[in-house]
Amino acid sequence: MGFFFAGSANAQEGVGIRAGVSAKPEQFYFGGHAAFGPVVDKLWFRPNIEIGVGNSITLIALNAEFTYWVPLRKDPWNVYLGGGPAANIFTSGPVGGRSTDVRPGFNFLAGIAQRSGLFSEIKIGAIDSPSFKFGIGYTFR
């Protein structure tokens, strides 16, 4: 999320941490991300991993998301929109009898980010991604 604002490409790249809650399945999640780009103009590649726990399920979401940044004039905040495919690894069941499934998904996302690195975003999931996520995080540049 180091790509939260217009500026030099090096100043926008970074790695970070994130955490939040999801619906369907109802979970707490945490994870990390990286920011690469711009791929073109204000479009960045932002792969991330989110590990969800709760509701008798562990979900590891491997997300290959792209974000398009909309800088706000003279404001420390910027808006971004994006989306991308996901590989969702679901593990459930009692210890000793756990089962694991890998299912495809797709995420649509929108967020706001402060130039310092703080951000908040929502995700709407399709296919087998969680139906809704709300998270906050920080990108280290």
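Residues are numbered in the numbering used here as their position in the sequence shown, beginning at 1, plus a constant of 452.
We put the beta carbon where it would ideally sit given N, CA and C, even for glycine.
Fill in: Within the stretch 462-505, ranges of the beta strand (DSSP E) (whole runs, at least 3 residues)
466-475, 479-492
**Asked** By Cβ distance below 8 Å, which residues in the same chain neighbour residue 506 in space, the five residues on each side in sequence not counted?
**Response** 477, 478, 479, 480
ask   = Alpha carbon to alpha carbon, what distance is there between residue 524 and residue 536?
value = 24 Å
Where does residue 580 sit, in a helix, a strand or coil, going by DSSP?
-> coil
- prompt: Within 10 angstroms of its Cβ, does residue 528 collect 16 or more other Cβ (buried), or is it exposed?
  reply: exposed
Worksheet entry | Distance between beta carbons of residue 472 and residue 588, contact taken as under 8 Å | 6 Å
* Could you pull the start and end residues of the beta strand (DSSP E) that residue 555 belongs to? => 551-566
| field | As assigned by DSSP and simplified to three states, the class of residue 569 | value | coil
Query raised in the report: Which same chain residues, not among the five before or five after residue 580, have their C-beta less than 7 Å away from its C-beta?
Result: 540, 555, 556, 557
* Asked: Name the DSSP bridge partner or partners of residue 575?
  -> 561, 585
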